[in-house]
Amino acid sequence: MDIATIGVEDWLNVHERDAVWDIAQSTIASLTMDELRSLDGADGATLDEMVAHAKMNYGWIEGSPEFKAEVQKLYRREIDPRHILQTNGCTGANLNALLAVVRPGDHVIAEWPTYAPLYEIPRALGAQVDLWQIREEQGWMPDIAELEGLVRPTTRLICINNASNPVGAVLDADMLGRIAEIAASVGAYVLSDEVYLPLEGTDRFLSMADVYDRAIVTNSVSKTYSLPAARTGWVIADEAVSGAIRTMRDYTMISAGVVNDALATYVLAHREQVLERNRAIVLGNRAIAQEWIDAQPRVSWVAPRGVSTSYIRLDIPEDDESFCLRLLEERGVLLVPGSRFELPCGARLGYCAQREVLRRGLELLGEALSEFDR
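Sequential numbering of the sequence shown, starting at 1, is according to the UniProt record's numbering.
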């Protein structure tokens with residue numbers, strides 16, 4: 001298989017350990033084990049018991065019944081537990097879903113720019129991929145008329161990322177409904193990567209699983225729930241696709257592991273405490289970032305909709321990759337160049353780090369930008 005490098009992952013794999021001030025990540029400040037244990041109000045006794053009595057075998061191959069029960073609570077419609085399959089993060093969910101659905105010669109439409117696997121994996125599998133572009137001047141919203149122009153009678157799959165990585169835009173219920181109508185008109189599936197839950201207007205947010213019966217929804221505990229260490233995600237799909245994914249999982253992972261399942265189940269069972277914590281981080285840090293941007297003549301953004309990832313536009317006489325590399329080497333500040341998302345002249349700002357990290361990282365970034373004015 002000839003497949004492109006994922007630009008953002010390649011950048012982070014090489015550089016993240018060199019960072020002193022990491023403001024590149026899209027996870028909301030990862031939980032410490034002490035924070036995780038405190039969620040049950042019993043000094044972690046619940047988690048301790050879950051792990052202490054678990055046999056260290058392969059565990060539940062598709063995810064434990066307890067894990068699936070917690071995932072079911074995230075959706076408005078009743079999800080058959082047989083259609084919830086545990087994966088190695090959302091990355092594994094996307095991989096297994098695409099391997100199960102996409103065939104050589106299929107026509108696939110992918111929102112773009114976005115997380116590269118949503119269009120690069122279909123390309124590598126031999127699909128013909130058309131890109132449905134989102135634009136900064138439209139608030140990073142796609143044009144539904146363009147999707148109508150791209151869809152064909154033979155379209156197999158439409159891929160969206162809601163909320164969007166890296167720009168933080170959220171598709172509302174009306175847009176999801178229109179996408180579902182267009183997909184249904186040709187019998188296409190819609191793969192919706194929903195790993196970034198918006199933490200404002202959450203009660204109005206809809207999963208594509210609640211909108212469309214041919215939705216394939218992927219998610220994990222890595223971003224919104226601040227637990228990437230668990231490496232646990234899930235994919236929800238109909239009977240036919242779930243059956244195909246079961247076959248693919250045997251080739252790609254078998255199981256997520258007993259301890260990972262326990263960690264993910266525990267954090268989802270205490271999600272309200274986690275979401276309360278993370279809502280304060282997201283909204284507070286966004287206000288800090290906005291105040292900083294307002295004072296920076298060389299920086300602009302379309303403010304993210306209560307999610308942990310964002311894109312800042314940089315007005316600088318240097319390509320973004322060179323600038324980000326120099327910023328890291330000279331000041332210890334890590335950003336992801338926008339070019340790693342095919343968005344040159346900018347950077348992904350992971351503004352939901354610990355507050356002191358964000359403040360210092362932005363201060364040093366401001367110093368670096370001011371050098372262009374000397």
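Note that the Cβ used here is the ideal one computed from N, Cα and C, for glycine as well.
Item, Value
"Pro-337 by DSSP, collapsed to three states: which one?", "strand"
"Compare the beta carbon distance of Arg-231 and Asn-278 with 7 Å and say whether it is the shorter of the two.", "no"
"Taking a contact to mean a Cβ-Cβ separation below 7 Å, would you say Gly-233 touches Cys-352 in this structure?", "no"
"Helix, strand or coil: which one does DSSP assign to Glu-111?", "strand"
"Do three or more CB pairs link the segment 138-157 to the segment 270-284 at distances below 8 Å?", "no"
"Do Pro-198 and Val-307 have their beta-carbon atoms positioned less than 7 Å apart in this structure?", "yes"
"Output the boundary residues of the beta strand (DSSP E) element that contains Asn-161.", "155-161"
"Tell me which same chain residues have a C-beta within less than 6 Å of the C-beta of Arg-178, skipping the five on either side of it?", "Ile-144"
"In chain order, what residues of the same chain have a beta carbon less than 7 Å from the beta carbon of Arg-82, not counting five sequence neighbours either side?", "Ser-242"
"Give the secondary structure of Arg-214 by DSSP, where H, G and I count as helix, E and B as strand, and everything else as coil.", "coil"
"Give me the Cα-Cα distance between Leu-362 and Ala-289, rounded to the nearest whole angstrom.", "8 Å"
"If we count Cβ pairs, one from each stretch, closer than 8 Å, do we get three or more for the segment 364-371 versus the segment 32-39?", "no"
"Could you tell me whether the Cβ atoms of Glu-62 and Gln-86 are closer together than 7 Å?", "yes"
"Would you report the Cα separation of Gly-338 and Lys-55, rounded to the nearest angstrom?", "45 Å"
"Compute the Euclidean distance between the alpha carbons of residue 392 and Arg-298, then round it to the nearest angstrom.", "As displayed, the chain neither begins before 1 nor continues past 374, which places residue 392 out of reach and without an answer."
"Closest by CA to Arg-360, which one among Asp-10, Trp-21, Met-1 and Thr-5?", "Trp-21"
"Rank Trp-132, Ser-226 and Ala-180 by C-alpha distance to the C-alpha of Leu-147 and give the top, closest one.", "Trp-132"
"Identify the continuous alpha helix (DSSP H) that holds Ala-45 and give its terminal residues.", "45-52"
"State the DSSP-derived secondary structure class of Val-129, mapped to helix, strand or coil.", "strand"
"Report the rounded CA-to-CA distance for Ala-97 versus Met-208, giving the unit in angstroms.", "15 Å"
"With DSSP run on the structure shown, which of helix, strand or coil describes Asp-143?", "coil"
"Apply the 10 Å Cβ neighbour rule to Lys-73 and answer buried if 16 or more other Cβ atoms are within range, or exposed otherwise.", "exposed"
"Is the beta carbon of Leu-358 sitting closer than 7 Å to the one on Ala-24?", "no"
"Assign Asn-278 to one of three DSSP states: helix, strand, or coil.", "helix"
"Give every residue of the same chain whose Cβ lies closer than 7 Å to the Cβ of Ala-163, excluding the five residues on either side of it in the sequence, and list them in chain order.", "Ala-169, Val-170, Tyr-196, Pro-198, Arg-305 and Val-307"
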